[in-house]
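First up is the structure itself, then whatever we jot down about it.
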Amino acid sequence: MQLWAIILDGFREALDRKIFWVLIGLSTMIALAMISISFEEDKITFFFGMADAETGRFNPLSALGRSNVVGLVVYFLLDALLAWVGIVLMVVATAGMFPNFLRHGGVDVVLSKPITRSRLFLYKYLAGLVFVFVQAGYFVVMTFLVMGLRWGVWSPGYLLAAPLLVLLFSYIFCISVLVGVKTRSTVAAVLLTVGAWMLSAMVTQAPQMFEVMPSLKNNTRIYTAIRVLSWIPPKTADFPYVAAKWAGAGTSSDVLPMDFAKTPGGPSSDDLRRAKEIELRELEKNPFYSIGSSLLFEAVILLLAMRTFVRRDY
Amino acid sequence: MVAITEMTNWAVDLIDVRKTYGKAIQALRGVNIQVGRGEIFGLLGPNGAGKSTLVKIMMTVVRPTQALGTILGRPLGHRGKLAATGYLPENHSFPGYLTGAKLLDYYAALSKVPRSVRGPRAGELLERLGLSRWGSTRIDKYSKGMLQRLGIAQALMNEPELVVLDEPTDGLDPVGRRDVRNLLLDLKQRGNTVFLNSHLLSELEMVCDRVSILVNGLVARQGTLSELTERTVEYEITCVSDVASLAGKLLRLGATVAGPVVTLPGHDIAKVNEAVDCLRSANVAIHAITPKRVGLEDILVEAMGGQDAKPSATPPTSPPAARPAGPHGDS
Numbered sequence: 002m003q004l005w006a007i008i009l010d011g012f013r014e015a016l017d018r019k020i021f022w023v024l025i026g027l028s029t030m031i032a033l034a035m036i037s038i039s040f041e042e043d044k045i046t047f048f049f050g051m052a053d054a055e056t057g058r059f060n061p062l063s064a065l066g067r068s069n070v071v072g073l074v075v076y077f078l079l080d081a082l083l084a085w086v087g088i089v090l091m092v093v094a095t096a097g098m099f100p101n102f103l104r105h106g107g108v109d110v111v112l113s114k115p116i117t118r119s120r121l122f123l124y125k126y127l128a129g130l131v132f133v134f135v136q137a138g139y140f141v142v143m144t145f146l147v148m149g150l151r152w153g154v155w156s157p158g159y160l161l162a163a164p165l166l167v168l169l170f171s172y173i174f175c176i177s178v179l180v181g182v183k184t185r186s187t188v189a190a191v192l193l194t195v196g197a198w199m200l201s202a203m204v205t206q207a208p209q210m211f212e213v214m215p216s217l218k219n220n221t222r223i224y225t226a227i228r229v230l231s232w233i234p235p236k237t238a239d240f241p242y243v244a245a246k247w248a249g250a251g252t253s254s255d256v257l258p259m260d261f262a263k264t265p266g267g268p269s270s271d272d273l274r275r276a277k278e279i280e281l282r283e284l285e286k287n288p289f290y291s292i293g294s295s296l297l298f299e300a301v302i303l304l305l306a307m308r309t310f311v312r313r314d315y
Numbered sequence: 374m375v376a377i378t379e380m381t382n383w384a385v386d387l388i389d390v391r392k393t394y395g396k397a398i399q400a401l402r403g404v405n406i407q408v409g410r411g412e413i414f415g416l417l418g419p420n421g422a423g424k425s426t427l428v429k430i431m432m433t434v435v436r437p438t439q440a441l442g443t444i445l446g447r448p449l450g451h452r453g454k455l456a457a458t459g460y461l462p463e464n465h466s467f468p469g470y471l472t473g474a475k476l477l478d479y480y481a482a483l484s485k486v487p488r489s490v491r492g493p494r495a496g497e498l499l500e501r502l503g504l505s506r507w508g509s510t511r512i513d514k515y516s517k518g519m520l521q522r523l524g525i526a527q528a529l530m531n532e533p534e535l536v537v538l539d540e541p542t543d544g545l546d547p548v549g550r551r552d553v554r555n556l557l558l559d560l561k562q563r564g565n566t567v568f569l570n571s572h573l574l575s576e577l578e579m580v581c582d583r584v585s586i587l588v589n590g591l592v593a594r595q596g597t598l599s600e601l602t603e604r605t606v607e608y609e610i611t612c613v614s615d616v617a618s619l620a621g622k623l624l625r626l627g628a629t630v631a632g633p634v635v636t637l638p639g640h641d642i643a644k645v646n647e648a649v650d651c652l653r654s655a656n657v658a659i660h661a662i663t664p665k666r667v668g669l670e671d672i673l674v675e676a677m678g679g680q681d682a683k684p685s686a687t688p689p690t691s692p693p694a695a696r697p698a699g700p701h702g703d704s
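Note that the protein sequences, when read in sequence, are chains A and B. Its first residue numbered 2, the first sequence is counted upward by one per residue in my numbering. Its first residue numbered 374, the second sequence is counted upward by one per residue in my numbering.
As structure tokens, this is what we get:
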């Protein structure tokens, strides 16, 4: 009863935020824009045929091409748009949740209820995820339906991107909660969370330096330190590969136009080949390593935040 | 300890409650307070005395440095007893995105009130507190007085045995204050215990059975209102005409004369009788004899160590109509 009450309250709080409706509006616009796209044997048409582009290396109507269509959505919509821009907006939208909750006079009544502080904290945390659950669910279901109904590409595995997005957000949200509980400041929560997120993305991607500078591998200390450090933060950069793997899509390189390497100032063929190799290795990784180690990080951060929440006087 | 205290009939039995903030600030220095079941109990004290800290410790909002005792027969923080307690904090701030009815439903759900009970009870309380027309309005549209009424309503949603109200009349107009007073008396009539923290002494005097005065983190005075205020500090004899001609005789009794009013300090009834005899022998008609008792304000000032504890200008307890001369003022 108490869990449901707090979740429902979180949902009501989410509905009250303008940014919630802005994101729903954006998702709807993206879905509508997707409806205007159609695939032919060797090209993609936009705005109901008003413009088109050659697909080059893949035939969207073939079996392989269908997986590439899913790849397009995963890499260019889910990853580039929702998993970055969307999540930054969601961090902004939810950062005030705990500082507002901890306001004097606001938290007093709730703390006087027959619920332990640790349980209250966890329920409130889950309520914070309701916001992103609704957003991610809406976006994924809408795009899933467009892919199926408009393009004839049904990929049930793609639906797993919704809980995956919630997971991805939860890795970052826990930092926001920790900062919010410690400082009771929304601004600090936003800035430090985004900062920590960027830092963790850099640290987890650091081992890729060895691809560019293989000589670094010879220095055992640096190699070990980077390997160990890269294991600690949440693996937010793994998101598109796990989503693509579960949706049955290939690498992002598969969906690039054939003459992409010839673009002036663009990457060379070697660069693209190396990027593809890295992507393939990422796709081969066990998703549960990424999720498990990230959840461990999240659990530690949440325990720290909970400890502060439980021990504080209000 | 628990077994013994469970047998007592105190709704609130606080023993040696201490709270130190940081290393130096002692907000509470060993508070002992007992509140009987069915009482309206008032907690008063100057700013910074530790009243709100004590209330917050009772409601588990603040963690005590040390605290023994019970609430409704169970140790402080007992979840079952928190479910049977209603609380209105001072300067509360409710989420503006909820409507009045939804807020009541939310807090009642946290108190584990069954869903089937919540709706009707919310309606009943909104009605009782004059908010029935506002139940479906967002809280951020409420005035301060309405918010206070809503706060009181949420404290009653779980039909609590004990209601802890921190400044319940804050922000209310005189009519609202009267309504809250009536509500408190109604709660008492139903057998509920009310623990009231208010800086409005007149409010407390009107409804409380017992009060406790907290000064510098310690209980300075505690008792029933009559116990605390029974001391008569002076008698005032109001005559129908000026008695300046008798001033010399009256001064010998220690009285002061100001026009038709003779004031006798202390509570020596024999001197009052002598003064009345003196006045009557000069054929002076006496309008009223009023014993002046100390008020809560005087007691509070006294407890704070103030030197200016003077009788409060309480209205005479005798009827204003002319009374026959005699020494027997109402007490």
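Think of the CB as a built atom: it goes at the ideal place given N, C-alpha and C, for glycine as much as any other residue.
By the DSSP assignment, the alpha helix (DSSP H) with A:Q136 in it spans what residues? It spans R118 to W152 - the alpha helix (DSSP H) in which A:Q136 sits, taken as one unbroken run.
At 9 Å on the CB atoms, spell out the chain B contacts of A:Y315, in chain order. Within 9 Å Cβ-Cβ: K429, V434 and V435.
At least one CB of chain A closer than 8 Å to the CB of B:A384: is that the case? Interface flag for B:A384 against chain A is unset, since no Cβ pair is found closer than 8 Å.
Taking 6 Å as the limit between beta carbons, can you name the residues of its chain near B:L545, skipping five residues before and five after? For B:L545, where only same-chain residues beyond five positions count, the Cβ hits under 6 Å are G518 and Q521.
Taking all protein chains shown into account, do 16 or more other C-beta atoms lie within 10 angstroms of the C-beta of B:P493, making it buried, or fewer, making it exposed? The residue is exposed, with fewer than 16 neighbouring Cβ atoms inside 10 Å.
Select from A:V191, A:G249 and A:R120 the residue whose C-alpha is nearest the C-alpha of A:V89. Its Cα nearest to that of A:V89, the residue A:V191 stands out among A:V191, A:G249 and A:R120.
I think B:M431 touches B:V385, with their Cβ atoms under 8 Å apart; what is that distance to the nearest whole Å? Right, the Cβ-Cβ distance comes to about 7 Å (below 8 Å), so this counts as a contact.
By Cβ distance, which residues of its chain are closer than 8 Å to B:Q680, with the 5 residues on each side in sequence left out? With a pLDDT of 43 at B:Q680, under the threshold of 50, the modelled position of this residue cannot be trusted; read the value that follows with caution. Closer than 8 Å at the Cβ level, and outside the excluded window around B:Q680, lies no residue.
Straight-line Cα distance separating B:I525 from A:Q136: It is roughly 36 Å from the alpha-carbon of A:Q136 to the alpha-carbon of B:I525.
Which value, in whole angstroms, describes the spacing of the CA atoms of A:M210 and A:G293? In this structure, the alpha-carbon of A:M210 lies about 24 Å from that of A:G293.
Which bits of chain C does B:N464 rub up against, with CB to CB less than 8 Å? Of the protein chains in this structure, namely A and B, none is chain C.
Environment of B:E614 [buried if 16+ CB atoms lie within 10 Å]: Here the sequence assigns Ser to residue 614 of chain B, which means Glu is not the residue at that position. By the neighbour-count rule (16 or more Cβ atoms within 10 Å), B:S614 is not buried but exposed.
Identify the residues that DSSP records as bridge partners of B:C651: which are they? Paired residues: none, contrary to the question.
Just the chain B side, please: which residues come within less than 7 Å of A:V213 by C-beta, in chain order? Per Cβ cutoff of 7 Å: no residues; A:V213 is ~50 Å from chain B at best.
Which residues of the stretch 470-501 of chain B have a Cβ closer than 9 Å to any Cβ of chain A? Give them in chain order. Flagged, chain order: Y470, L471, K475, D478, Y479, Y480, A481, A482, L483, S484, K485, V486, P487 and R488.
Against B:Y460, what residues of chain A qualify as contacts under a CB-to-CB distance less than 8 Å, listed in chain order? By Cβ distance, chain A contributes D109, V110 and S113.
Mind listing the chain B neighbours of A:A6? Cutoff is C-beta to C-beta under 9 Å, in chain order. Going along chain B in sequence order, the residues near A:A6 (Cβ under 9 Å) are D478, Y479, Y480, A481, A482 and L483.
Identify the contact partners of A:I116 in chain B, using a Cβ-Cβ distance below 8 Å as the criterion. At a beta-carbon threshold of 8 Å, the residues of chain B lying near A:I116 are R452 and L483, ordered along the chain.
Between the CA atoms of A:M214 and A:Q206 - distance to the nearest angstrom: One C-alpha to the other measures close to 14 Å.
Leaving aside the five residues before and after B:Q527 along the sequence, list all residues of the same chain whose C-beta is less than 6 Å from its C-beta, in chain order. Around B:Q527, the same chain offers L477 and Y480 as residues with beta carbons nearer than 6 Å, after the five sequence neighbours per side are excluded.
Run of the alpha helix (DSSP H) containing B:Q595, from where it starts to where it stops: First-last for B:Q595: L591 to T597, but that is the beta strand (DSSP E), not the alpha helix (DSSP H).
Less than 8 Å between C-beta atoms, sequence neighbours within five positions excluded: which residues of the same chain meet that for B:A682? Because B:A682 carries a pLDDT of 40, less than 50, the predicted location of this residue cannot be relied on, and the following value inherits that uncertainty. Around B:A682: V667, D671, I672, V674 and E675.
Would you mind reading off the limits of the alpha helix (DSSP H) that contains B:Y479? Looking at the DSSP string, the run of the alpha helix (DSSP H) that includes B:Y479 is G473 to L483.
Can a CB atom of chain B be found closer than 8 Å to the CB of A:E285? So no, A:E285 is outside the interface.
In angstroms, rounded to a whole number, what distance separates the CA positions of A:G149 and A:F122? Straight across, the Cα-Cα distance linking A:G149 with A:F122 is about 40 Å.
Which two residues bound the contiguous beta strand (DSSP E) that contains B:D539? In this chain, the beta strand (DSSP E) harbouring B:D539 covers L535 to D539.
Mind listing the chain A neighbours of B:L455? Cutoff is C-beta to C-beta under 8 Å, in chain order. Ordered by position in chain A, the residues that pass the 8 Å Cβ test against B:L455 are S113, K114 and P115.
Using the rule of at least 16 other Cβ atoms within 10 Å of the residue's Cβ for burial, across every protein chain shown, is A:M35 buried or exposed? Counting Cβ neighbours within 10 Å, A:M35 comes out buried, since at least 16 surround it.
Tell me, please, whether the CB atom of A:M2 is closer than 8 Å to any CB atom in chain B? Chain B, which has a Cβ nearer than 8 Å to the Cβ of A:M2, makes this yes.
Taking the alpha-carbon of A:V301 as reference, which of A:V133, A:V92 and A:Y172 has the nearest alpha-carbon? Minimum Cα distance to A:V301 is reached at A:Y172.
Is it the case that the Cβ atoms of B:P419 and B:V390 are separated by a distance below 8 Å? No.
DSSP-derived helix/strand/coil call for B:A628: For B:A628, the secondary structure class from DSSP, reduced to helix, strand or coil, is coil.
Write down the C-beta distance between A:F77 and A:G129 rounded to the nearest angstrom, noting that I regard them as a contact closer than 8 Å. Incorrect: roughly 28 Å between the Cβ atoms, too far for contact.
Report the option in B:V408, B:K424, B:K392 and B:Y394 whose CA atom is closest to the CA atom of B:V588. With distances taken between Cα atoms, B:V588 lies closest to B:K424.
Start and end of the alpha helix (DSSP H) containing A:L166? Per DSSP, the continuous alpha helix (DSSP H) segment holding A:L166 begins and ends at A162 to T184.
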